[in-house]
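Working notes for the structure below.
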Amino acid sequence: MPQNIGNLITDKFEIMSEEELLSKAIGVFEDKNLDAIVVVDEENNYKGILCERWIYRACINPSKTKIKALCKPVPEIFENSTLIEVAEKMLESDSPVLPVLNKEGDVIGVINDIDLLSEAVEKEFGNLNVIEFATTELITLSK
């Protein structure tokens with residue numbers, strides 16, 4: 069039976085307009101220790117997410133650049149999604165965080181890659197010993 073993601077959804081996120089400056093987003097990340105900021109347009113429609121590390125990797129002036137410049141349109145997931153569905157979407161979008169929507173289309177939380185991986189490992193491999201995965205044949209390579 070596919071594992072549901074309900075217990076992995078966190079409300080550790082903020083919603084910000086794509087028109088806000090990145091400097092304001094940096095302040096929000098620092099003040100609230102967030103995984104992601106969910107980005108919306110002026111009509112409050114979901115546009116994507118922003119992760120703090122994307123800002124620092126971009127090497128741009130955050131006081132002159134709007135959030136929409138770095139916002140990534142990652143796929144949203146729904147509260148009844150399975151672990152497998154979430155993992156597939158994270159891999160496909162190369163995003164460490166995905167927004168979770170309810171059936172009305174409202175963002176109710178986010179799921180991050182660390183929590184997803186921890187849950188998958190605990191559910192799938194929690195009671196198994198390492199020896200069950202170890203290879204018995206030793207392969208040696210030399211020049």
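The numbering of the sequence shown is this note's numbering, which starts it at 69 and goes up by one.
Each residue gets a CB set at the ideal place from its N, CA and C atoms; glycine is no exception.
**Asked** So what's isoleucine 152 in DSSP terms, helix, strand or just coil?
**Response** Residue numbering aside, residue 152 sits at position 84 when the sequence shown is read from its first letter. Of the three classes helix, strand and coil, the one that applies to isoleucine 152 here is helix, per DSSP.
**Request:** Within the stretch 139–188, note down every full alpha helix (DSSP H) run reaching 4 residues or more, in order along the chain.
**Result:** 151–161
**Pair within 7 Å by beta-carbon distance, valine 108 and lysine 115** = Translated into the one-based positions of the sequence shown, residue 108 becomes position 40. Translated into the one-based positions of the sequence shown, residue 115 becomes position 47. Yes, they are a contact pair.
**Asked** What do you get for valine 189, buried or exposed, if any count of 16 or more other CB atoms within 10 angstroms of its CB means buried?
**Response** Position 121 of the sequence shown, counting from 1, holds the residue named residue 189. Exposed, because fewer than 16 other Cβ atoms sit within 10 Å of the Cβ of valine 189.
**Request:** Would you decide whether asparagine 180 is buried or exposed? Buried here means 16 or more other CB atoms lie within 10 Å of its CB.
**Result:** By 1-based counting over the sequence shown, the position of residue 180 is 112. Flag for asparagine 180 reads buried.
**Prompt:** threonine 133 and leucine 102 look like a contact to me (Cβ under 8 Å); what is the Cβ gap, rounded to whole Å?
**Reply:** On the sequence shown, residue 133 is found 65 positions in, with the first residue counted as 1. On the sequence shown, residue 102 is found 34 positions in, with the first residue counted as 1. 19 Å between Cβ atoms; not a contact.
**Prompt:** Quick one: what does DSSP say isoleucine 73 is sitting in, helix, strand or coil?
**Reply:** Indexing the sequence shown from 1 puts residue 73 at position 5. Isoleucine 73: coil per DSSP, three-state reduction.
**Asked** How close, in whole Å, do the beta carbons of glutamate 82 and lysine 136 come, if the pair is a contact with beta carbons under 8 Å?
**Response** To locate residue 82, count along the sequence shown from 1; it is residue 14. To locate residue 136, count along the sequence shown from 1; it is residue 68. About 16 Å; that fails the 8 Å criterion.
**Asked** Looking only at its own chain, which residues have a Cβ that is under 8 Å from the Cβ of serine 85, when we skip the five neighbours before and after it?
**Response** Mapped onto the sequence shown, residue 85 falls at position 17. Same-chain partners within the cutoff: Val107, Val108, Asp109, Glu110 and Ile135.
**Prompt:** If you draw a straight line from the C-alpha of isoleucine 77 to the C-alpha of glycine 177, how long is it?
**Reply:** Residue numbering aside, residue 77 sits at position 9 when the sequence shown is read from its first letter. Residue numbering aside, residue 177 sits at position 109 when the sequence shown is read from its first letter. The alpha-carbon atoms of isoleucine 77 and glycine 177 are separated by roughly 6 Å.
**Request:** Below 6 Å CB to CB, which residues in the same chain sit around tryptophan 122 once its five sequence neighbours on both sides are set aside?
**Result:** Start at 1 with the first residue of the sequence shown, and residue 122 comes out as number 54. These residues qualify, in order along the chain: Leu138.
**Message:** Would proline 167 and valine 154 qualify as a contact pair, given that the criterion is a beta-carbon distance under 7 Å?
**Reply:** Here residue 167 refers to the residue found at position 99 when the sequence shown is read from its first residue. Here residue 154 refers to the residue found at position 86 when the sequence shown is read from its first residue. Against a cut-off of 7 Å, the Cβ pair of valine 154 and proline 167 comes out as no contact.
**Item:** Closest residue to leucine 184 among Ser131, Leu118, Leu209 and Thr150 (Cα-Cα distance)
**Value:** Taking the first residue of the sequence shown as position 1, residue 184 is located at position 116. Nearest C-alpha to leucine 184: Thr150.
**Request:** Just tell me which of Glu156, Phe146, Val96 and Asn72 has its CA closest to the CA of glutamate 172.
**Result:** Here residue 172 corresponds to residue number 104 of the sequence shown, with the count starting at 1. Glutamate 172 has its Cα closest to that of Phe146, out of Glu156, Phe146, Val96 and Asn72.
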